[in-house]
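All residue numbers for the first sequence refer to the numbering used here, where the first residue is 275 and numbers rise by one.
The structure under discussion appears below in the form of structure tokens.
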Amino acid sequence: MSLSLYNTLTRRKEAFLPADPKRVSVYVCGPTVYSRPHIGNARPAVIFDVLVRFLRTGYSVVYARNITDIDDKINAAAEEAGVPIAEIAAENVSAYHDDMHALGVLPPDIEPYATEHVSEMIAMIAGLIESGHAYAKDAHVLFRVGSYPDYGQLSRRDRGQLLDGARVEVAAYKEDPGDFVLWKPSTPELPGWDSPWGRGRPGWHIECSVMAEQHLGRTIDIHGGGNDLIFPHHENERAQSTCAHGGEIFARYWIHNGFVNVHSEKMSKSLGNVVLIHELLEQGSGEAIRLALLGAHYRQPLDWSDAVLRDSQRKLDRLYTSLRDVSDRDDGTQATPSAEFIEALEDDLNTPKALAVLFDLARKVNRAGDSERGLSLARQLRASGEILGLLGADPAEWFTAGDEAALGADEVEALLVQRTAARDNGNYSEADRIRTELKDSGVAIEDGPKGTSWRRIDQMEGEDQTRGR
RNA sequence: GGCUAGGUGGCAGAGUGGUUAUGCAACGGCCUGCAAAGCCGGGGACGUCGGUUCGAUUCCGAUCCUAGCCUCCA
275 MSLSLYNTLT RRKEAFLPAD PKRVSVYVCG PTVYSRPHIG NARPAVIFDV
325 LVRFLRTGYS VVYARNITDI DDKINAAAEE AGVPIAEIAA ENVSAYHDDM
375 HALGVLPPDI EPYATEHVSE MIAMIAGLIE SGHAYAKDAH VLFRVGSYPD
425 YGQLSRRDRG QLLDGARVEV AAYKEDPGDF VLWKPSTPEL PGWDSPWGRG
475 RPGWHIECSV MAEQHLGRTI DIHGGGNDLI FPHHENERAQ STCAHGGEIF
525 ARYWIHNGFV NVHSEKMSKS LGNVVLIHEL LEQGSGEAIR LALLGAHYRQ
575 PLDWSDAVLR DSQRKLDRLY TSLRDVSDRD DGTQATPSAE FIEALEDDLN
625 TPKALAVLFD LARKVNRAGD SERGLSLARQ LRASGEILGL LGADPAEWFT
675 AGDEAALGAD EVEALLVQRT AARDNGNYSE ADRIRTELKD SGVAIEDGPK
725 GTSWRRIDQM EGEDQTRGR
């Protein structure tokens, strides 16, 4: 595998060479569990799922994705709902797992919780104080940014500039306005842990530093997340970990995905445009959502709309059509992805290009008809799709599964028998009447050389191309 | 104000110093009882202004526009 990845630290594509090919370590910042996951949470989960699936074709991989379950927003959500903090967290963890499963995201090897690593965080903070990289003041512990000369390198900011645009007032307990919190005091009603600096709770950044170290070691190969995390989160993680480890490299490759926008605007609660996964799942399949997320290169912004989802649904229809037409002859023989497909992913995970290869394969399968070559191409298509976490469904079921309420599969089959009889008798008006009746119930039919097949028409059919504006 | 991405055909979205992206939509043809699906084919694009070059959508400069970050954020 000759994978190249764009490293945020160096701002260029680099050949990916793991420190230890037998154990590639990947750490991705997971969700803060204060609300249900939205499409923006799904993007890094899907992207890094694909990266890990692809890495596993050449390496042994250990993949950790944390759960941040200590956070002021969780506390706020709990207060608003009038339920215990732990309950809010547990609910949202469960929702996250459900939604990620629906999107075909495989569970990470390790899923550490912040709440289970507090004592290690206290230890790391104490060490940082001891080595002069942090200081305690007024029940807070702060990281001394001036003690780490490389601070700002990841996000390409110098400390002087940072202050110019600072939006917050500088707290009195900070030596330097850029210093950030490692530990802060808790009030009695808030979650807190005893520490040398009093009862309190960890700052956000220290969580990831500690969990990465605990589960993957001092130096990890790949550290990922959304590009909004570059500053301050990853900048601070890097500072903490490097200083805590006596200068050892923290992450060798920093990979960041672009944002999902809605109508060219950032999703936010204040704009009221947050697109939740479980709502999307009522409009389209999880696989279609996944495909939509892979349709743009991971570093590019992705503009979400209903049209994007419907497009993806149709793309899958096309791919599954070609698989369906050979599936009765496929015995499930293992196949390998096409070389072109691999090349696309090797080039900084170019999923749009990889998808184009999938469509090329689908056309070739359709063209090849019943030949042996068609079957082997179809297997190649399926094997390629598997790396993207796509095309894993049974092709026949893909088209017939769905809302049984309107019309059950048995009823459809019965009507098709009637229609075939009518056609055989040359009674085309009756045949067309049945076809119309089926269509009104959301079932489209296709007469082919092997008989008549049917599929449920997706629910978004007929809607306008674009929404709003 | 500082920093970072972008601006590609009707839409989404790759890529490239000269040669087909791909999907959807639309159009013509084949197939079909008619459709659908599929196959074949053609049309249609690189924000603006300059520069480099035999040749630029691609490199360089300027400019306009959009989005994101600047201590809550995936």
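Ideal Cβ placement from N, Cα and C applies to all residues, glycine included.
Under a three-way DSSP split, which group does residue i fall into?
{"i": "PRO723", "result": "coil"}
{"i": "SER612", "result": "coil"}
{"i": "ILE344", "result": "coil"}
{"i": "SER421", "result": "helix"}
{"i": "ASP621", "result": "strand"}
{"i": "TYR572", "result": "coil"}
{"i": "TYR370", "result": "helix"}
{"i": "VAL357", "result": "coil"}
{"i": "GLU539", "result": "strand"}
{"i": "TRP471", "result": "coil"}
{"i": "THR282", "result": "coil"}
{"i": "HIS407", "result": "coil"}
{"i": "ILE731", "result": "coil"}
{"i": "LEU416", "result": "strand"}
{"i": "ASP634", "result": "helix"}
{"i": "ALA440", "result": "Caution is warranted here: a pLDDT of 47 is assigned to ALA440, below 50, making its placement in the model unreliable, and no coordinate value can be reported."}
{"i": "THR306", "result": "strand"}
{"i": "ALA718", "result": "strand"}
{"i": "ASP534", "result": "In the sequence under discussion, the amino acid at residue 534 is Val, which differs from the Asp named in the question. VAL534 falls in the strand class under three-state DSSP."}
{"i": "ALA642", "result": "helix"}
{"i": "ASP450", "result": "coil"}
{"i": "PRO292", "result": "coil"}
Assuming residue i is part of the alpha helix (DSSP H), what are its boundary residues?
{"i": "VAL691", "result": "683-698"}
{"i": "GLY314", "result": "313-329"}
{"i": "ALA581", "result": "580-601"}
{"i": "PRO476", "result": "PRO476 -> not in any alpha helix (DSSP H); beta strand (DSSP E) instead, spanning 474-476."}
{"i": "ARG647", "result": "646-662"}
{"i": "LYS259", "result": "Examination of residue 259 is not possible in this model, given that the chain is present from 275 through 743 alone."}
{"i": "SER515", "result": "509-518"}
{"i": "LEU555", "result": "551-557"}
{"i": "ALA670", "result": "669-674"}
{"i": "SER299", "result": "Counting along the chain, SER299 falls outside any alpha helix (DSSP H), though it belongs to the beta strand (DSSP E) covering 298-302."}
{"i": "GLU288", "result": "Careful: GLU288 lies outside any alpha helix (DSSP H), inside the beta strand (DSSP E) at 286-289."}
{"i": "VAL336", "result": "Per DSSP, VAL336 belongs to no alpha helix (DSSP H); it is in the beta strand (DSSP E), 335-339."}
Our contact map puts residue i next to residue j with C-beta atoms below 8 Å; I'd like the distance itself, whole angstroms only.
{"i": "LYS347", "j": "THR306", "result": "6 Å"}
{"i": "TYR280", "j": "ASP622", "result": "5 Å"}
{"i": "ASP383", "j": "TYR333", "result": "Actually they are not in contact, since the Cβ atoms of ASP383 and TYR333 sit about 13 Å apart, beyond 8 Å."}
{"i": "LEU567", "j": "ARG317", "result": "5 Å"}
{"i": "GLY744", "j": "LEU629", "result": "Residue 744 is absent from the model: the chain starts at 275 and stops at 743."}
{"i": "HIS414", "j": "TYR447", "result": "5 Å"}
{"i": "GLN654", "j": "SER612", "result": "5 Å"}
{"i": "GLY304", "j": "ASN340", "result": "5 Å"}
{"i": "ARG709", "j": "PHE673", "result": "At roughly 16 Å, the Cβ-Cβ gap does not stay under 8 Å, so ARG709 and PHE673 are not in contact."}
{"i": "GLY255", "j": "PHE633", "result": "Nothing can be reported for residue 255, as the shown portion of the chain is limited to 275 through 743."}
Beta carbon of residue i, beta carbon of residue j: below 8 Å?
{"i": "ASN366", "j": "TYR308", "result": "yes"}
{"i": "MET395", "j": "VAL484", "result": "yes"}
{"i": "HIS530", "j": "ASN501", "result": "yes"}
{"i": "SER752", "j": "ALA289", "result": "There is no way to answer for residue 752, as the model of the chain reaches only from 275 to 743."}
{"i": "SER596", "j": "VAL631", "result": "no"}
{"i": "ALA293", "j": "THR493", "result": "yes"}
{"i": "ASP604", "j": "LEU545", "result": "no"}
{"i": "ALA369", "j": "ILE362", "result": "no"}
{"i": "ARG564", "j": "GLY378", "result": "yes"}
{"i": "HIS508", "j": "TRP528", "result": "yes"}
{"i": "LEU464", "j": "LEU402", "result": "no"}
{"i": "HIS571", "j": "ASN535", "result": "no"}
{"i": "GLU704", "j": "ALA696", "result": "yes"}
{"i": "HIS479", "j": "GLN514", "result": "yes"}
{"i": "PHE328", "j": "LEU619", "result": "yes"}
{"i": "HIS751", "j": "VAL548", "result": "Because the chain is modelled from 275 through 743, residue 751 falls outside the range shown and cannot be assessed."}
Could you pull the start and end residues of the beta strand (DSSP E) that residue i belongs to?
{"i": "ASN531", "result": "525-531"}
{"i": "PRO459", "result": "454-459"}
{"i": "HIS497", "result": "494-500"}
With a cut-off of 8 Å, do at least 3 Cβ pairs link the stretch 510-518 to the stretch 549-564? no
How about the stretch 415-432 and the stretch 451-461: do they share at least three Cβ pairs that are nearer than 8 Å? yes
Stretch-stretch touch, CB-based, cutoff 8 Å, three pairs: the stretch 461-476 with the stretch 366-379: no
Closer than 8 Å is the cut-off here; do at least three beta carbon pairs connect the stretch 581-595 with the stretch 652-671? yes
Does the count of Cβ pairs from the stretch 534-554 and the stretch 636-648 closer than 8 Å reach three? no
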